[in-house]
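Residue numbers (full-length UniProt numbering): 1 to 259.
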């Protein structure tokens with residue numbers, strides 16, 4: 001096994017790594033401060049496409065994090081960048097919130113329900129049956145189907161909520177068309193993040209709490225992968241996967257001395 005080069009850039013998931021159930025993970029604000037003061041390139045990643053980076057920055061600030069807006073990379077931003085590369089100045093019918101619509105506007109996309117190039121599905125607090133029906137008909141008419149992320153459920157105080165992946169499955173069942181998922185575990189998400197901070201996979205580490213998204217995505221993008229045990233995956237669950245992270249640590253607090 002080849003020895004990896006020293007880590008010069010960092011990517012980290014947000015929920016389950018820096019915050020958990022609305023509270024900062026112990027040591028996480030200090031970890032982010034260390035990253036900032038080190039001068040090393042880094043990004044905080046999330047598959048959630050509801051919020052803009054500014055929204056997320058405000059949320060994290062309330063929890064004690066000092067994080068610049070440009071250090072947050074969402075699946076909405078990755079999706080917008082992907083579409084701008086694929087079909088510059090295109091059109092899209094969007095099911096989603098401000099995080100997605102703002103990102104698409106920023107790359108010059110026109111949002112319309114008249115013969116759009118793409119149907120783009122993201123997370124929203126209120127999935128409308130009328131909007132889903134329109135998406136089905138537009139895809140039947142030839143629109144290409146894109147989804148920000150494949151997550152089937154999302155967390156809430158009351159329990160699991162259906163998320164973009166579940167709604168995408170319903171639209172696929174109705175149309176026979178599978179979406180292209182941009183967010184984790186698609187390594188496209190990692191590649192776009194690396195390009196944003198001008199980092200190289202050989203010298204970048206990905207920190208995550210999920211084996212099936214964070215670790216898989218980082219692995220397929222050629223990054224060092226670090227699983228933390230403050231979120232979804234446990235050490236025992238990690239052993240059941242056919243792939244392994246580069247290492248497992250209890251939390252990001254254990255990585256302070258490496259920054």
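Backbone N, C-alpha and C fix where the C-beta goes; we use that ideal spot for every residue, glycine too. Because the structure is a prediction, the values reported are computed rather than measured.
- When secondary structure is reduced to three states using DSSP, residue 144 falls in the strand class.
- For the 9 Å CB-CB criterion, residue 207 and residue 67 do not form a contact.
- Across the set 143, 209 and 27, the C-alpha of 143 shows the shortest separation from the C-alpha of residue 179.
- Secondary structure note for residue 224: its beta strand (DSSP E) is the uninterrupted segment 224-228.
- Going by DSSP, residue 17 is part of no alpha helix (DSSP H) at all; its letter is neither H nor E.
- For the pair residue 150 and residue 174, the CB atoms are not nearer than the 9 Å cut-off.
- If you draw a straight line from the Cα of residue 30 to the Cα of residue 111, it comes to about 40 Å.
- Here DSSP, grouped into helix, strand and coil, assigns residue 153 to strand.
- Taking C-beta atoms as the reference points, residue 164 and residue 104 fail to come closer than 9 Å.
- Between the alpha carbons of residue 213 and residue 182 lies a distance of about 12 Å.
- In this structure, 18 is the residue among 221, 18, 254 and 154 with its C-alpha nearest to the C-alpha of residue 28.
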